[in-house]
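First residue of the sequence shown? That's 227 in the working numbering, and the numbers climb one at a time after it.
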Amino acid sequence: MEIKSVPRIVIGGTSSGCGKTTITCALLQALVNRKLKTASFKCGPDYIDTMFHGEIIGTKSSNLDAFFCDNNILRYLLAKNSVNCDISVIEGVMGFYDGMALNTTAASTYETAKITDSPVILAINCKGMANSALAIIKGFYEYKPDSNIKGVILNHMTKSTYEFIKNAIENEFDGKIKVFGYLPKLPEDLIFESRHLGLITSGEIENIRIRLNKLAEIVEDTINIDQIISLANSASELTFNNIEFTKFDKKIRIAVANDRAFCFHYKDNLNLLRDMGADIVYFSPLEDKKLPDNIDGIYIVGGYPELYAEKLSKNTDMKASIKSALENNTPCIAECGGFMYLSDSIDDYKQVGFLPGKSKNTGKLSRFGYVTLTAKNDNLLCCAGDSFRGHEFHYYDCDQNGDNFTASKASGKSWNCVFANKYLYAGYPHIHFYSNIKTAENFYKMCIYKNSMGE
Numbered sequence: 227m228e229i230k231s232v233p234r235i236v237i238g239g240t241s242s243g244c245g246k247t248t249i250t251c252a253l254l255q256a257l258v259n260r261k262l263k264t265a266s267f268k269c270g271p272d273y274i275d276t277m278f279h280g281e282i283i284g285t286k287s288s289n290l291d292a293f294f295c296d297n298n299i300l301r302y303l304l305a306k307n308s309v310n311c312d313i314s315v316i317e318g319v320m321g322f323y324d325g326m327a328l329n330t331t332a333a334s335t336y337e338t339a340k341i342t343d344s345p346v347i348l349a350i351n352c353k354g355m356a357n358s359a360l361a362i363i364k365g366f367y368e369y370k371p372d373s374n375i376k377g378v379i380l381n382h383m384t385k386s387t388y389e390f391i392k393n394a395i396e397n398e399f400d401g402k403i404k405v406f407g408y409l410p411k412l413p414e415d416l417i418f419e420s421r422h423l424g425l426i427t428s429g430e431i432e433n434i435r436i437r438l439n440k441l442a443e444i445v446e447d448t449i450n451i452d453q454i455i456s457l458a459n460s461a462s463e464l465t466f467n468n469i470e471f472t473k474f475d476k477k478i479r480i481a482v483a484n485d486r487a488f489c490f491h492y493k494d495n496l497n498l499l500r501d502m503g504a505d506i507v508y509f510s511p512l513e514d515k516k517l518p519d520n521i522d523g524i525y526i527v528g529g530y531p532e533l534y535a536e537k538l539s540k541n542t543d544m545k546a547s548i549k550s551a552l553e554n555n556t557p558c559i560a561e562c563g564g565f566m567y568l569s570d571s572i573d574d575y576k577q578v579g580f581l582p583g584k585s586k587n588t589g590k591l592s593r594f595g596y597v598t599l600t601a602k603n604d605n606l607l608c609c610a611g612d613s614f615r616g617h618e619f620h621y622y623d624c625d626q627n628g629d630n631f632t633a634s635k636a637s638g639k640s641w642n643c644v645f646a647n648k649y650l651y652a653g654y655p656h657i658h659f660y661s662n663i664k665t666a667e668n669f670y671k672m673c674i675y676k677n678s679m680g681e
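Written as structure tokens, this is what we have:
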């Protein structure tokens with residue numbers, strides 16, 4: 227049993243759009259500006275917010291997902307990714323109690339906070355209300371006795387109204403709920419909504435940093451950051467068992483797609499491969515002419531290939547390099563956008579063409595949500611009958627999605643998906659290795675096998 231001190235807080239919200247992303251970004255920037263070593267996390271499967279935290283704010287960032295990970299693994303990953311940090315900030319998902327289905331709190335921010343015993347600050351959009359904020363707080367605070375809600379931040383509130391409401395809240399709850407501050411009405415260019423963050427290009431980053439620092443200046447004035455740090459330091463010690471996985475004697479090189487078109491991945495997936503002994507080498511299907519030399523495996527993550535379909539199509543040298551590697555049985559994982567890239571075409575632009583199928587925009591989310599994937603045959607990641615967990619989030623769909631796995635949802639709905647064989651996993655579901663660590667070990671083993679064959 228391991229015991230670690232991890233100062234931490236959760237920024238939860240009453241709903242999507244209540245301001246928790248803006249508050250989280252502002253707080254992270256303020257903490258970084260104070261020279262604190264800061265880690266950040268996102269509840270749930272979202273890779274866009276973590277990418278934003280990590281690449282633009284400059285903090286370590288990863289996911290905490292109670293669907294992908296059991297309780298011990300969740301605590302383990304929180305501790306692992308908070309090493310040598312002064313504070314960890316965990317951004318919630320949707321409303322605080324909203325889970326993977328309409329009638330459950332499973333995989334909600336509440337469940338993550340409970341599993342990790344993390345103190346919660348609730349963000350409330352107070353536009354158009356005053357005293358009614360107390361009723362909202364009372365409902366969230368009392369709905370579950372183990373909510374761990376310790377305080378609130380009031381969004382969209384004037385300074386004069388704030389002073390009145392702050393006193394009313396702290397009197398109503400006898401000091402059990404602390405009011406940590408407020409955000410005034412912000413100009414549009416200072417508001418960060420989750421749906422906007424993924425479309426940031428490198429040319430926009432400097433402007434984003436200016437905006438974030440303006441936000442940080444505002445919250446230094448309107449939010450008591452010292453009290454938030456104190457709350458984080460009051461968090462209980464984390465207890466967990468270390469996770470067992472194979473550390474291989476044989477080193478391998480895995481080429482991972484990483485550019486504007488392919489940028490969605492779970493950091494813990496790549497770190498697990500590194501911990502097993504792999505070297506991760508990045509390449510750009512947009513800009514490079516071929517795969518890196520001397521690789522033993524390929525990982526083409528998701529992203530926005532549809533936005534760059536024409537440029538990807540015109541990079542015929544890279545397409546030929548990837549197709550040749552796959553025809554020579556180089557082990558490959560291709561998720562969502564990576565799967566689309568390996569298919570025949572995206573819209574009317576020819577892609578790698580290793581797999582059949584044409585991908586088109588459906589205009590709506592297709593098969594959105596958590597899935598459990600069960601193999602119908604032995605393949606790169608697992609044996610027939612084995613399962614692991616994933617998540618789908620895509621507006622495009624392919625007319626040939628494979629049939630080597632069965633995907634099932636908590637609702638009971640199921641469908642066939644994924645092209646998979648001894649050397650390949652390619653399909654829309656993003657996968658998380660920690661839902662079944664054998665998947666990462668099996669991928670690694672096949673990369674070793676390919677290396678030893680000298681193919």
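By construction, the Cβ of each residue, glycine as well, lies at the ideal position given by its N, Cα and C atoms.
Own chain residues within Cβ distance below 6 Å of Ser334, not counting five before or after: Tyr323, Asp324, Gly325
Span of the beta strand (DSSP E) around Gly653: 650–653
Rounded separation between Leu669 and Asn497 - CA only: Sequence check: residue 669 is Phe here, not Leu. Roughly 14 Å between the two C-alpha positions.
Residues that DSSP places opposite Phe490 in a beta bridge: Gly528
Spatially closest choice to Glu446 from Lys402, Ile249, Asp519, by CA coordinates: Ile249
Bridge partner(s) assigned by DSSP for Ser592: For Ser592, which the question treats as bridged, DSSP gives no partner whatsoever.
N- and C-terminal bounds of the beta strand (DSSP E) containing Thr264: 264–269
Residue range of the unbroken beta strand (DSSP E) whose run includes Phe466: 464–466
Environment of Val319 [buried if 16+ CB atoms lie within 10 Å]: buried
Buried/exposed call for Asn495, threshold 16 Cβ in 10 Å: buried
Contact check, Ser344 vs Ala461, beta carbons under 8 Å: yes
Through-space distance from Phe267 to His491, alpha-carbon basis: 14 Å
DSSP three-state assignment for Ile436, whether helix, strand or coil: helix
Classification of Gln255 by the beta-carbon crowding that lies within 10 angstroms, buried from 16 upward: buried
8 Å Cβ cutoff met for His617 and Tyr651: no
For Gly280, three-class secondary structure by DSSP: helix
Coarse secondary structure for Asn647, derived from DSSP in three states: strand
Residues bridged to Tyr508 [DSSP beta-bridge criterion]: Val482
Supposed close pair Thr240, Leu348 - CB separation, criterion 8 Å: 7 Å
Option nearest Asn605 by Cα separation, candidates Ala646, Ile434, Lys411: Ala646
Between the CA atoms of Thr331 and Asn467 - distance to the nearest angstrom: 25 Å
Helix, strand or coil at Arg500 according to DSSP, with G and I counted as helix: helix
Three-way DSSP call (helix, strand, coil) for Ser661 in this model: helix
Residue span of the alpha helix (DSSP H) that contains Ala339, given as start and end: 335–342
Runs of alpha helix (DSSP H) lying entirely within the region 342–421, each at least 4 residues, in chain order: 358–369, 385–398
Cβ contact check for the region 434–451 and the region 472–483: 3 or more pairs under 8 Å: no
Cβ contact (3+ pairs, closer than 8 Å) linking the region 578–588 and the region 606–615: no
Counted within 10 angstroms of its Cβ, other Cβ atoms place Lys317 as buried (16 or more) or exposed: Note that residue 317 corresponds to Glu in the displayed sequence, not to Lys. Its Cβ being crowded by 16 or more others within 10 Å, Glu317 is buried.
Nearest residue (CA-CA) to Asp522, options Ile417, Pro557, Glu396: Pro557
Inter-residue Cα distance where the pair is Cys643 and Tyr273: 22 Å
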